[in-house]
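Since the structure comes first, as structure tokens, the remarks are kept for the end.
Residue numbers (this note's numbering): 1 to 183.
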């Protein structure tokens, strides 16, 4: 890991919110493309997700999802459950932001696609008891759309259409269908 990236990674733990935000923005940009240093920080990121405050959990999830493209050892297949559990975070914004990242893992390859798609379908059903059911289900369908756009796998579209068709609130159903109109 280069010195500048290491500095910014260390700054994620700063007590100064502005320094933390600058560090996050830098690392977010760096991890848009594959990096060679993913495994130098992997365990620290999973630790942030497990034991950090809501900001650290969110940052850890975001960067870990971005690093999925830099993971030839496929550690994400082992650690993806950390992201899944975080979709039930007590802080809704942390839970939702994590859920919105799933597609980044799902577009890596078929194995990741299958794992993420199954998790999204399960989470869709679990959302029935959540206060923010519409937002959660919208995010899940949006993730499925992004994975579909990458692979053009018709079974993903069919499953999404089935879920949308089961929606009893017509206003929500129409909103959900809007995600799939351009296919």
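Even for Gly, the Cβ is constructed at its ideal location relative to N, Cα and C.
| said: Assuming contact is defined by CB atoms lying nearer than 7 Å, are residue 140 and residue 115 in contact in what I supplied? | reply: no
| task | Would you identify the three-state DSSP class for residue 123, choosing helix, strand or coil? | result | helix
| request: Assign residue 169 to one of three DSSP states: helix, strand, or coil. | output: coil
| field | Segment limits, alpha helix (DSSP H) that includes residue 88 | value | That residue, residue 88, is in no alpha helix (DSSP H); it is neither H nor E in DSSP.
| request: Grab the span of the alpha helix (DSSP H) containing residue 2 for me, first residue to last. | output: Looking at the DSSP string, residue 2 is not in any alpha helix (DSSP H), and its letter there is neither H nor E.
| Could you check where the alpha helix (DSSP H) with residue 41 kicks off and where it finishes? | 38-51
| said: Here's a check: name, in chain order, each residue in its chain whose Cβ is nearer than 7 Å to the Cβ of residue 172, leaving out the five neighbours to either side. | reply: 134
| task | Assign residue 78 to one of three DSSP states: helix, strand, or coil. | result | helix
| request: Can you have a look at residue 106 and say buried or exposed, based on whether 16 or more other CB atoms are within 10 angstroms of its CB? | output: buried
| field | Contact the stretch 35-49 vs the stretch 15-25: 3+ CB pairs below 8 Å | value | no
| Can you round the beta-carbon distance between residue 108 and residue 157 to whole angstroms, since I take them to be within the 8 Å contact cut? | Actually they do not touch by this definition, with Cβ atoms about 20 Å apart.
| task | Going by CA-CA distance only, name the one from 39, 61, 174, 91 that's closest to residue 81. | result | 61
| request: Would you mind sorting residue 4 into buried or exposed? The rule is 16 or more other CB atoms within 10 Å of its CB. | output: exposed
| field | Where residue 139 falls: helix, strand or coil (DSSP) | value | helix
| task | Output the boundary residues of the alpha helix (DSSP H) element that contains residue 12. | result | No alpha helix (DSSP H) contains residue 12, which DSSP labels as neither H nor E.
| request: Enumerate in chain order the residues of its own chain whose CB-to-CB distance from residue 195 is below 7 Å, with the five nearest sequence positions on each side excluded. | output: Residue 195 lies beyond the residue range present for the chain, which begins at 1 and ends at 183; the question has no answer from this structure.
| message | Classify residue 181: buried if its beta carbon has 16 or more other beta carbons within 10 angstroms, exposed otherwise. | response | exposed
| message | Taking the beta carbon of residue 104 as the centre, do at least 16 other beta carbons fall within 10 Å, making it buried, or is it exposed? | response | buried
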